[in-house]
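Colleague: Residue numbers (full-length UniProt numbering), protein chains in the order written: chain L, 1 to 695; chain R, 1 to 688.
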Amino acid sequence: MPSPPPDWVKALKPSGPQGSELLAAERAQSNINIDKLSELLHTKEALDRQQKLLTLLEPEKVFDKSQNHTLGRVERLQRSLAKAKRLQQLAEQNKWSMEELHAANELIGEPTPYGLHASMFLVTLREQGSPEQHKVFLQRAEKYEIIGCYAQTELGHGSNVRGLETTATWNQEDQTFTINSPTLTASKWWIGSLGRTANHAVVMAQLFIGGKNFGPHPFVVQVRDLETHQPLENVYVGDIGPKFGYNTMDNGFLLFNNVKIPHINMLARFSRIEKDTGKYIRPALPSLVYGTLTWVRSNIVLQSGGVLARGVTIATRYAAVRRQFQDRDAEPNAGENQVLNYKMVQVRLLPLLASMYALHFTGRGMMQLYQENQDRMKAAASPGQNSRGPGPEELRAGADLLADLHATSCGLKALASTTAGEGLEVCRRACGGHGYSSYSGIGSYYADYLPTLTWEGDNYMLTQQVARYLLKSARAVLSGKSADNDTSRILKSYLDRRDKGASFDVLEEDKDIVDAFAWRTAHLTFEALKHRDADKRSWNSLLVDFWRLSTAHSQYMVVRNFYESVSSPQLSQALDPETKTLMHALFRLYALHTLEREAAEFFSSGAVTVRQITLTRTTAVMKLLDEIRPHAISLVDAWAIPDWQLDSSLGRSDGKVYEDLFRRASQENPVNDLVFDPYPWNEALLKNQPPKSKL
Amino acid sequence: MPDFTDRLRPSQPDGPTTLARERGQSNVSVNELGQHLLSSDGFLERQTRILPILRREPLFSKEKQQNLSRPDRFKLALARAKLLRRLTDQYKWSHDDYKMAEYLVDDVSPYFLHMEMFVTTVREQASKAQRAYWMPLIESWKIIGAYGQTELGHGSNVRGLELEARWDNRTKEFVLHSPTLTASKWWNGSLGRIANHSIVVAQLLLPKAGSPGQYLSQGPHQFIVQVRDMKTHQPLDGVVIGDIGPKYGYATMDNAYMLFDNFRIPHSAMLSRYSSVNPDTGVYTKPERPALVYGSLTYVRANIVHHARLVLARAVTIAVRYTAIRRQFQDRDDKNGPEISVLDYPTVQIRIFPLLATTFALHYTGLAMRSVYQSTRQDVEQGDFRSLAHMHSMSSGLKSLCTMLAADGIETCRRALGGHGFGGGSGLIQLNNDYLSKPTVEGDNWMITQQVAAYLIKKMAAAVESPSTPGADKTEAGFKEFIQNKQGSETRHSGYDVLGKDQDIVKSFEMRATALAYDVYEQRVLKKLSWTSLLIQLHKLSKAQSQSILVGTFYEALSADSTLSSSNKIILRDLFRLFALYTMENEGYEFFCCNAVSQADLNNLSARVQDLMTRIRPHAVKLVDSWMIPDYLLDSALGRYDGRVYEDLYNRAHRLNPLNRITFNPNYWEEEIVKGSGDNGSGILSKL
């Protein structure tokens, strides 16, 4: 690395009030109890765990982050594997729980090549394997004696699982399956941990028995030799190449040329083949499988608040340190104004600050509902009862939360991950020019997060499921057979009140805001129902309407969850009255800012009047910005993201923005080891021989 | 090495079949439309001539660049930049020819600042004698220069720059000095590792008459300074320079930091066409018109506006071709049919087609911006400064809006590609990374909208002053008309038929922009609200004004054209309507509030937009073909002209991916990373 700068440079300080002074002043002007708020958000236990792990991980050289942005792909992946190995060693030494390993990975801040083994491979073996298969595969996998991944997506097919092309053909004569890739588009693609790391894969393939297709099923297939780590014969496997982000993960491709695997390799907890007869036994409880997806999506909702919090923490702290222009109306000698005092910066950052709280509370609410429902389903599915669990399409009316929860999780996953992903980019741009530097800590994090918007259900495709559910509920309500859940309630209450009109007092009453969001959702639902059932419009022509409907419904869910959380007794107990008032202000900012942005829908559904929208825009939102502004730094501090995890010059909690940018540029930047020959007619590129930096 | 995968083909219908059918179903004349868009300034001829020259050079192959470390990527970029410069001599390329080559190779060149801002600044800001000395050195590449304005602590606010240039009357020199860390130059392209000279912008400090030892700042001025040794290429004594490190994009550019420690430069270093310091007396001569100093910034903004169409066209080309080929799910109303082309989903169309229309809107506005810039330059050269403020406002507003449309558009297209959009084969990764600098450089997109609003407030104030005299220009005339009508009746209903008459769409956009301008005028000038409290509204005003320019220019270009065939004209009119009405729908509330659209029309916009998309759908592939973007520039498996998407993706993963030449040791209890290397992990750790 480059030699240190001369003394006259070392002696220089940033001009004007120092970043540390500015942040100290910010913290002094807010009286909210940050520790109490942190505990409410994360629990004391999680905060202690984070601190303990931080002390353990940060000093380890292998976890150094300084070169993350400069390395080539090959070297990055090698280092990433070294990190993964070290983490696993530490997990073993310290007997970490899954939560601890997960928290450690979060602090490291990038995906590792063990990622899919530790998550999807183990989960799938555990949930879909029979007890015998647990012995053969799961136990070895838990000890990392075999390393696996989950191979579903193909080159030609993602969301549409039924369209997968890989085949698994049952051979009765020797009781084996033949796994085959008939076309190039059948190649498995995007499979995390598969490219260079895994030696096994759970492969989703179309099951054929006697020429008949039984749909996609999971098979455990060994793909690499356990000794040489080379691909087995007739298996073709590799990494798919550089990506927008996620470059520390070896996403892989995989092709099979008629590879035989034994009977035991088809995961058989739910559906299986009788070995001797070749008879196919149907899945007993499809809804349990279905539950996993709901859990995964609810988790994405819960995490989205934290993801956004990283960007907002960085941008808000930097906006407090960065000063630009004098206020046009200020005294001529006033210093430059903190960027965070500009309304056009506030209007970008503070609604996102409110969103991260909104999403966090919503995610919490979802996980709680999921848990309650799982318990209920387990009770219902216990032996002795022959009632079949509800499948995705065949829900009995009044049957329960599951349908509501499933639809809700689809829509919220789409809204939450879009809000977080796009919010990060808004934060990056709000940092001005320095946001473009990798040292901002936002760009690469954003790039790593972006696939969340398309995986576990593309955000646009998912909205169809929400719409389908809402239409179904509306039909049920109209025919008087509605289920007992919140969706039916808001639809009914809309019908009851439709003739009288809405007249919600959104500017004064928090509860009325929630009702206005419900009203708009119900209105759009019945509009869509009219298009579909009365006007007989094609499904395809309504997709844009459905997408808007789903967005409206999810925004309602967030507003309702946020409102319930800030009004809950738990929150009142945990927080002092002033902090509680501030939480209500965040709620209103999220809700009214959303209402303002979607003004046309609120207005045309009759949920609010034009006058109310105008007042929201010109007065209410502006007042909320003023109210929240003094607490902005405290509100991001409360999220308690360690500096090491942020890995950002701009977002440091001590405000030493410029010192850190300069230190990294001059001391951690290998480009400055190179002295170039700049002249075009000299073919030589370098004037010096730099220290070797290649592996 | 041959293997069983060589014989595998994609499932049917494959890409080439699909694209052939797409091209067969449209009567758009690609050739005519391509000529219409790109031939007037020789662009197409140049592209055709230069592309084969580049393809012959292995150095310009883009196959492996995404895998390189930052130092290696930068070295590759410098090697390419050198070769491009040598080819310029070899083929006697004009500057436009060179720009074409640079555009096709698609690296931000480490020589960029030398060839643009450095030479432009000397040409425009240096005195005659300075030009005579420096221009030959620059044009013969005896020296290589950069442009050092932005600092660590200051960007948009040029007056806040901290670097000092203090006049020493004794030695007749300026002393460059960085008093703080935030005074460090920062972000200055071509300077980090390459340039040996730079324009340096510093506060000019002159001795205060009658108070010895005290200095008065005359504001920021430009100096031309040697910063590196011509032999060793090391920074001179008293200068510290380096590259600022990795960025979101722009890996091929050596953006710099630079600090000075009482570094002395001669009197002749200050560029003195417009302002100067008398070397004998130390007395300062002011520029007659301060705005002239920033002429080159306007030039850069105008260029950014003009270039945005090609950037967005690239993204849209990839998105349209791939979503036509990609199939996903059966139609719910036809469950036994084949999987449908993703481009037939309205949820995909609504993301891509408005952007397809936007490429054309950007095209006509880019041309208009360019001609306004040129005519204003001519006026200024002849001493007429009246149109300067208009051009400055127009370029600021359009830079903000157009770069936002293009940057967000790239990302919207990338996401519309589904999972493969995230992969290196999408062709949108480097484009996204590099282009996302645009919303914050050369004037932050949010900050510069204040300049547009300030200009419009001034215009509105003038119009209110004398509403019945003729307006000095089109904007003012429109404002006066608005004021006169306003006095007439307060409760009109919108008289515009935006669904029936194209001309009315234009008027509706003008109406909304004018009404917003009046609101802002009223709040700032009459109600004396603080500037800060109005910033959000000022931003909205700038956007409304710029959208009105885009819509109006698009409409006028189509009305004035007499060369296009009627089939092409029909589809261009639909694109115009889609662009305008989609924009209107998104801003529906603003249009409605100021009576620029009726509620009935507003409610029908979304159906009308969907109808327009249906009309455009059959022509989508041919419309993007008309932008004539070569596969070499696209560098995209998904957007290839021939549609061989999956073969190309597989080829990139399988054959071009260096990671697949390494076998890893996956066992966590063994430190070894590369199988058989026996490195025990020390190889990795020792580099840390």
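Note that the Cβ used here is the ideal one computed from N, Cα and C, for glycine as well.
At the level of alpha carbons, what is the spacing between Gly-389 of chain L and Cys-594 of chain R?
Modeller: Only weak support exists for where Gly-389 of chain L lies, its pLDDT of 41 falling under 50; the value from the coordinates is given anyway. Taking the straight line from one Cα to the other gives about 55 angstroms.
Colleague: Measuring only the C-alpha atoms, how far is Gly-245 of chain L from Ser-375 of chain R?
Modeller: Between Gly-245 of chain L and Ser-375 of chain R, the C-alpha separation is close to 45 angstroms.
Colleague: Use the C-beta contact count for Ile-281 of chain L: other C-beta atoms within 10 angstroms, 16 or more gives buried, fewer gives exposed.
Modeller: Ile-281 of chain L should be labelled exposed.
Colleague: Looking only at C-alpha atoms, which of R:Leu-529, R:Phe-592, R:Leu-113 sits nearest to Asp-254 of chain R?
Modeller: Comparing Cα positions, the closest option is R:Leu-113.
Colleague: Take the Cβ of Arg-317 of chain L as the centre, count every other Cβ of all protein chains shown within 10 Å, and call the residue buried at 16 or more, exposed below.
Modeller: With 16 or more other Cβ atoms within 10 Å, it is buried.
Colleague: Which residue wins for smallest C-alpha separation from Leu-602 of chain R, given the options R:Arg-615, R:Glu-585, R:Thr-614?
Modeller: Checked all of R:Arg-615, R:Glu-585, R:Thr-614; the closest Cα to Leu-602 of chain R is R:Glu-585.
Colleague: Roughly how many whole angstroms lie between the Cα atoms of Val-674 of chain R and Leu-116 of chain L?
Modeller: Between Val-674 of chain R and Leu-116 of chain L, the C-alpha separation is close to 20 angstroms.
Colleague: Count the other CB atoms, across all protein chains shown, that sit within 10 Å of the CB of Leu-623 of chain R; report buried if there are 16 or more and exposed otherwise.
Modeller: Label assigned to Leu-623 of chain R: buried.
Colleague: Taking only beta-carbon positions, decide if Glu-394 of chain L is within less than 7 angstroms of chain R.
Modeller: At Glu-394 of chain L, the pLDDT of 35 sits below 50, so the modelled position is not reliable; the number obtained from the coordinates is stated separately. It does not: the Cβ of Glu-394 of chain L has no partner Cβ on chain R nearer than 7 angstroms.
Colleague: May I ask you to report which of helix, strand or coil DSSP gives Val-203 of chain L?
Modeller: Strand at Val-203 of chain L.
Colleague: Quick check: is the beta carbon of Phe-253 of chain L nearer than 7 angstroms to any beta carbon in chain R?
Modeller: With 7 angstroms as the cut-off, Phe-253 of chain L counts as an interface residue toward chain R.
Colleague: Under 7 angstroms between the Cβ atoms of Pro-439 of chain R and Asn-433 of chain R?
Modeller: No.
Colleague: Quick check on Glu-442 of chain R - is its C-beta less than 7 angstroms from some C-beta in chain L?
Modeller: Not closer than 7 angstroms to any Cβ of chain L, the Cβ of Glu-442 of chain R fails to qualify, so no.
Colleague: Measure how close the beta-carbons of Gly-158 of chain L and Gly-195 of chain L come, nearest whole angstrom, since I'm counting them as under 8 angstroms.
Modeller: With a Cβ gap of about 18 angstroms, Gly-158 of chain L and Gly-195 of chain L do not count as contacting.
Colleague: Identify every run of the alpha helix (DSSP H) within the region 480-533 of chain L, keeping only runs that are complete inside it and at least 4 residues long; order them along the chain.
Modeller: With a minimum length of 4 residues, the continuous alpha helix (DSSP H) runs that stay inside the region 480-533 of chain L are 486-497, 510-529.
Colleague: So with Cβ pairs under 7 angstroms, would you call Leu-68 of chain R a contact of chain L?
Modeller: Judged by the 7 angstroms Cβ criterion, Leu-68 of chain R is in contact with chain L.
Colleague: Can you find a C-beta in chain R that's less than 7 angstroms from the C-beta of Gly-365 of chain L?
Modeller: Answer no: the Cβ-Cβ gap between Gly-365 of chain L and chain R never drops below 7 angstroms.
Colleague: With DSSP as the reference, identify every bridge partner of Ala-24 of chain L, one or two as the case may be.
Modeller: Ala-24 of chain L pairs with nothing; no bridge assigned.
Colleague: In chain order, which continuous runs of the alpha helix (DSSP H) of length 4 or greater are located wholly inside the region 4-87 of chain R?
Modeller: Segments of the alpha helix (DSSP H) lying fully in the region 4-87 of chain R: 15-24, 30-38, 43-55.
Colleague: Output yes or no for whether 7 angstroms exceeds the beta carbon distance between Phe-214 of chain L and Ala-358 of chain L.
Modeller: Not in contact: Phe-214 of chain L and Ala-358 of chain L (Cβ atoms no closer than 7 angstroms).
Colleague: Closer than 8 angstroms, Cβ to any Cβ of chain R: which residues of the region 644-663 of chain L, in chain order?
Modeller: So the close ones are Tyr-658, Glu-659, Leu-661, Phe-662.
Colleague: Which residues mark the beginning and the end of the beta strand (DSSP E) in which Gln-203 of chain R is found?
Modeller: Where Gln-203 of chain R is concerned, the enclosing beta strand (DSSP E) stretches over 197-207.
Colleague: Alpha carbon to alpha carbon, how far is Leu-302 of chain L from Met-583 of chain L?
Modeller: Going by the C-alpha atoms only, they are around 18 angstroms apart.
Colleague: Going by the beta-carbon positions, is the gap between Val-312 of chain L and Val-558 of chain L smaller than 7 angstroms?
Modeller: Cβ atoms of Val-312 of chain L and Val-558 of chain L: not closer than 7 angstroms.
Colleague: Consider the Cβ of Trp-531 of chain R: report whether some Cβ of chain L lies at a distance smaller than 7 angstroms.
Modeller: Cβ-Cβ to chain L under 7 angstroms: yes for Trp-531 of chain R.
Colleague: Which residues in chain L sit within 7 angstroms of Pro-246 of chain R, going by Cβ to Cβ distance?
Modeller: Ordered by position in chain L, the residues that pass the 7 angstroms Cβ test against Pro-246 of chain R are His-69, Thr-70, Ser-438.
Colleague: Helix, strand or coil for Val-674 of chain R, going by three-state DSSP, please let me know.
Modeller: Of the three classes helix, strand and coil, the one that applies to Val-674 of chain R here is strand, per DSSP.
Colleague: Cα separation between Ser-119 of chain L and Phe-325 of chain L?
Modeller: Their Cα atoms are separated by approximately 50 angstroms.
Colleague: Counting contacts by CB-CB distance shorter than 7 angstroms, is Met-344 of chain L in contact with chain R?
Modeller: Closer than 7 angstroms to some Cβ of chain R, the Cβ of Met-344 of chain L qualifies, so yes.
Colleague: Indicate whether at least one CB of chain R lies closer than 7 angstroms to the CB of Gly-389 of chain L.
Modeller: Confidence in Gly-389 of chain L is poor, its pLDDT being 41 and thus under 50, which makes the residue's placement unreliable; the coordinate value appears in the next sentence. No, its Cβ sits nowhere closer than 7 angstroms to a Cβ of chain R.
Colleague: With DSSP collapsed to three states, give me the class of Ala-463 of chain R.
Modeller: Residue state, collapsed to three classes: helix.
Colleague: List the residues of chain R whose Cβ lies closer than 9 angstroms to the Cβ of Asn-213 of chain L, in chain order.
Modeller: Correct list: empty, because the minimum Cβ distance to chain R is about 14 angstroms.
Colleague: With respect to the beta strand (DSSP E) encompassing Gln-218 of chain R, which residues constitute its N-terminal and C-terminal limits?
Modeller: Segment 215-226, the beta strand (DSSP E) holding Gln-218 of chain R.
Colleague: Can you name the residues that DSSP bridges to Gln-222 of chain L?
Modeller: L:His-200.
Colleague: So Leu-543 of chain L contacts chain R; which residues on that side make the cut at Cβ distance below 7 angstroms?
Modeller: Tyr-345, Pro-346, Thr-347, listed in chain order.
Colleague: Which residues of chain L have a Cβ atom closer than 8 angstroms to the Cβ of Ser-178 of chain R, listed in chain order?
Modeller: The contacting residues are Leu-12.
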